[in-house]
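Colleague: 4 is the number that the UniProt record's numbering gives to position 4 of the sequence shown; each next residue is one higher, with no gaps. Before I ask anything, let me first share the structure, which is written out below as structure tokens.
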Amino acid sequence: MSVYETPAEDSLGELTAVPEPGAVTVIIPSFNESGNVRELLRRITESVPSRVPCEVIFVDDSTDDTPEQVAKAAQDCPFPVSVIHREVPTGGLGGAVVEGIKAAASDWVVVMDADLQHPPSLVPELIATGEASGADLVVASRYTKGGSRAGLAGGYRVAVSRASTWLTKGLFPRALRGISDPMSGFFAIRRAAVMAEDLRPLGYKILMELAVRCGPRSVREVPFVFQDRFAGESKSTAREGLRFLRHLVELRTSKPLWRMIAFGLIGLTGFVPNLLALYGLTAAGMHYLPAEIVANQFGVAWNFLLIEVLLFRTRRHRRLSDRVGRYAVIANADLVLRIPLIAFLVGSWGMSVLPATATALILTFVLRFAGTEALVYTR
Ligand code: GDD
Ligand code: MN
């Protein structure tokens, strides 16, 4: 066992005896952070003891000169620094982190922001905590004793952060047990605990993605104080908020039963455009029967849009025109099938009309879901 030094900045120079930590790859997603990278690398250099094998990987989607600034500042670093610049920035921040994890070679991966809101002095403690406890995941938390969200500017952002933490923990009580701050973007995870191929990152909340899909064996938390940004501005937008909601739906519906329930709920919302169109068309003088058929297409189109965006983003393998055509056929077959099915249940099986109708509705719904999965969004 050797001595592992917590950097002076954090512990006033105390030495803490913990097991020798494994090598660490620090992954930093960056988007136009040229004013921050030099100071960030300086603080990482200061924080990570020189005997700990360390590498830093920036996964960069910038349109400014961040990569050049990293290259310049890296000349003063005692450890390897690389930049993966992505021409196609799929998955946003989370996509960048997964790209970095795939390129990482160390036992431990630490993910942190480029703007110094995450104090680099905590990196050794995150790894040491993981090594000492055997945990797969160590989260730097603002919401555990000793942590704070000082750098979360404004009551609005605090309220949004609270609400999203509450919603997320409510939706994934088991996967997020022991994580008080699932929205944190600062954590250490054992590379062996990450199945990178199973991840479907979408925007900022990569910790939530990892915790839910990889199910790390055990989790520890280390408190931290969320700092003010060193330079530049936050890249988070209202659009990012919508992406977060999509991400929640995607994660929650990864199992078929939940996906079928969501499919049904989306189907119910389709009544709104359907009825509105029916109202408009009949008011414009169309006979109600052809109006029914046309109005149904409004509901079908609405449902198609929602399932494309919310349920099957990662399964859009067929061409768009192909998906539209197949979905339209399946959704309309529903109408054509239902009446003969009811007639069959009543006539040949002797069911009474109401249970026969209910059975037919359920049966055609399940068929529509199964057909959509198997024929439109083939794996
Ligand atoms: N590669 C890449 N691509 N990096 C990105 C992208 C992107 O599309 N968008 C943002 N980043 C980088 C930024 O450059 C920064 O290093 C980091 O991701 C976080 O972005 P900020 O814009 O600083 O986000 P924030 O401060 O609003 O949010 C942070 O704190 C939240 C907690 O309040 C993040 O850590 C969130 O994950 C965290 O939930
Ligand atoms: Mn930030």
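Each residue gets a CB set at the ideal place from its N, CA and C atoms; glycine is no exception.
1. Using only the alpha-carbon positions, how far apart do A196 and L93 sit?
2. Assuming D136 contacts S34 (C-beta within less than 8 Å), just tell me the rounded distance between them.
3. State the DSSP-derived secondary structure class of H85, mapped to helix, strand or coil.
4. Using 10 angstroms around the beta-carbon of H247, count the other beta-carbons present and answer buried if the total reaches 16, otherwise exposed.
5. With hydrogens ignored, establish whether the beta-carbon of A231 is closer than 8 Å to any heavy atom of the ligand GDD.
6. Which whole runs of the beta strand (DSSP E) in the segment 63 to 150 are 3 residues long or more, in chain order?
7. Around the C-beta of residue 408, are 16 or more other C-beta atoms found within 10 angstroms, so that it is buried, or is it exposed?
8. In angstroms with no decimal places, state the Cα-to-Cα distance between A283 and E250.
9. Is S30 helix, strand or coil by DSSP?
10. Could you spell out the range, first to last residue, of the alpha helix (DSSP H) harbouring I179?
11. Using a strict less-than 6 Å threshold between each residue's beta carbon and the heavy atoms of the ligand GDD, what residues do you get?
12. Express the C-alpha separation of A238 and S62 in angstroms, rounding to a whole number.
13. What's the call for R220, buried or exposed, on a 16-neighbour Cβ count within 10 Å?
14. State buried or exposed for V366, treating a residue as buried only when at least 16 other CB atoms are found within 10 Å of its CB.
15. Using 8 Å for Cβ pairs, my map puts G267 next to N303. What's the rounded Cβ distance?
16. Count Cβ pairs between the segment 118 to 128 and the segment 39 to 56 that sit closer than 8 Å; are there 3 or more?
17. Quick one: what's got a C-beta closer than 6 Å to P67's C-beta in the same chain, skipping five residues either side?
18. Whose C-alpha, out of A140, A71, P201, T129, is nearest the C-alpha of I101?
19. Evaluate contact between the segment 260 to 277 and the segment 187 to 194, counting only Cβ atoms and requiring at least three cross-stretch pairs below 8 Å.
20. With residue 385 as the anchor, note down where its alpha helix (DSSP H) starts and where it stops.
21. What do you reckon, are the CB atoms on A104 and E55 nearer than 9 Å?
22. Indicate whether the contact test is met: 3 or more Cβ pairs, each with one atom in the segment 221 to 235 and one in the segment 143 to 160, closer than 8 Å.
23. Under 9 Å between the Cβ atoms of L363 and L341?
24. So does the segment 136 to 147 actually touch the segment 174 to 181, counting three or more Cβ pairs closer than 8 Å?
25. Apart from the five residues on each side of it in sequence, which residues of its chain come closer than 7 Å, Cβ to Cβ, to A192?
26. From the DSSP output, in three-state form, read off D60 for me.
27. Quick check on F230: does DSSP put it in helix, strand or coil?
28. Taking C-beta to C-beta, are V194 and L210 nearer than 9 Å?
29. Between which two residues does the alpha helix (DSSP H) harbouring V272 extend?
30. Since I believe A231 is in contact with N36 (beta carbons under 8 Å), could you give me their beta-carbon distance rounded to a whole number of angstroms?
31. For the structure I just gave you, are there three or more beta carbon pairs, one from the segment 318 to 329 and one from the segment 348 to 358, closer than 8 Å?
Modeller: To lay it out plainly:
1. In the sequence shown, counting from the first residue as 1, residue 196 sits at position 196. In the sequence shown, counting from the first residue as 1, residue 93 sits at position 93. Their Cα atoms are separated by approximately 15 Å.
2. Position 136 of the sequence shown holds residue 136. Position 34 of the sequence shown holds residue 34. That pair is no contact at about 34 Å.
3. Here the question's residue 85 lines up with position 85 in the sequence shown. In the three-state reduction of the DSSP assignment, H85 falls in the strand class, which pools E and B.
4. In the sequence shown, residue 247 corresponds to position 247, counting from 1. Buried: at least 16 other Cβ atoms inside 10 Å.
5. Walking along the sequence shown from the start, residue 231 turns up at place 231. Incorrect: A231 has no Cβ contact closer than 8 Å to the ligand GDD.
6. 81 to 85, 108 to 111, 137 to 141
7. With the chain running from 1 to 379 in the structure shown, residue 408 is simply not present.
8. As a first step, residue 283 is located in the sequence shown; it is residue number 283 there, counting from the start. As a first step, residue 250 is located in the sequence shown; it is residue number 250 there, counting from the start. Roughly 39 Å between the two C-alpha positions.
9. Residue numbering aside, residue 30 sits at position 30 when the sequence shown is read from its first letter. Note: S30 maps to strand in three-state DSSP.
10. For the purposes of this step, residue 179 is identified with residue 179 of the sequence shown, where counting begins at 1. Here I179 belongs to no alpha helix (DSSP H), and DSSP marks it neither H nor E.
11. P29, S30, F31, E33, V59, D60, D61, P89, G92, L93, A96, D113, A114, D115, Q117, L152, S161, M183, G185, Y204, S234, K235, S236
12. Within the sequence shown, residue 62 is the residue found at index 62, counting from 1. Within the sequence shown, residue 238 is the residue found at index 238, counting from 1. When rounded, the distance between both Cα atoms is 20 Å.
13. Within the sequence shown, residue 220 is the residue found at index 220, counting from 1. It is buried - the Cβ of R220 has at least 16 other Cβ atoms within 10 Å.
14. Looking up residue 366 in the sequence shown gives position 366. Counting Cβ neighbours within 10 Å, V366 comes out exposed, since fewer than 16 surround it.
15. As a first step, residue 267 must be located in the sequence shown, where it is residue number 267. As a first step, residue 303 must be located in the sequence shown, where it is residue number 303. Their Cβ separation, rounded to whole angstroms, is 6 Å, which keeps G267 and N303 in contact under 8 Å.
16. yes
17. On the sequence shown, residue 67 is found 67 positions in, with the first residue counted as 1. Within the same chain, P67 has close Cβ partners D60, V83, H85.
18. Taking the first residue of the sequence shown as position 1, residue 101 is located at position 101. Closest option to I101, Cα to Cα, is P201.
19. The segment 260 to 277 makes no contact with the segment 187 to 194: fewer than 3 CB pairs, one atom from each, lie closer than 8 Å.
20. With the chain running from 1 to 379 in the structure shown, residue 385 is simply not present.
21. Taking the sequence shown and counting its residues from 1, one reaches residue 104 at position 104. Taking the sequence shown and counting its residues from 1, one reaches residue 55 at position 55. Yes, Cβ-Cβ distance for A104 and E55 is below 9 Å.
22. yes
23. Taking the first residue of the sequence shown as 1, we reach residue 363 at position 363. Taking the first residue of the sequence shown as 1, we reach residue 341 at position 341. Yes, Cβ-Cβ distance for L363 and L341 is below 9 Å.
24. yes
25. Position 192 of the sequence shown, counted from the start, is the residue given in the question as residue 192. Excluding sequence neighbours, A192 sits near nothing in its chain.
26. Counting from one through the sequence shown, the residue named residue 60 turns up at place 60. The answer is strand: DSSP assigns D60 an E or B state.
27. As a working mapping, residue 230 is identified with position 230 in the sequence shown. Reduced to three states, the DSSP call for F230 is coil.
28. In the sequence shown, counting from the first residue as 1, residue 194 sits at position 194. In the sequence shown, counting from the first residue as 1, residue 210 sits at position 210. For V194 and L210, yes; Cβs fall inside 9 Å.
29. Here residue 272 refers to the residue found at position 272 of the sequence shown. Following the DSSP letters along the chain, one finds V272 inside the alpha helix (DSSP H) bounded by residues 271 to 283.
30. Taking the first residue of the sequence shown as position 1, residue 36 is located at position 36. Taking the first residue of the sequence shown as position 1, residue 231 is located at position 231. Confirmed, Cβ separation roughly 5 Å.
31. no
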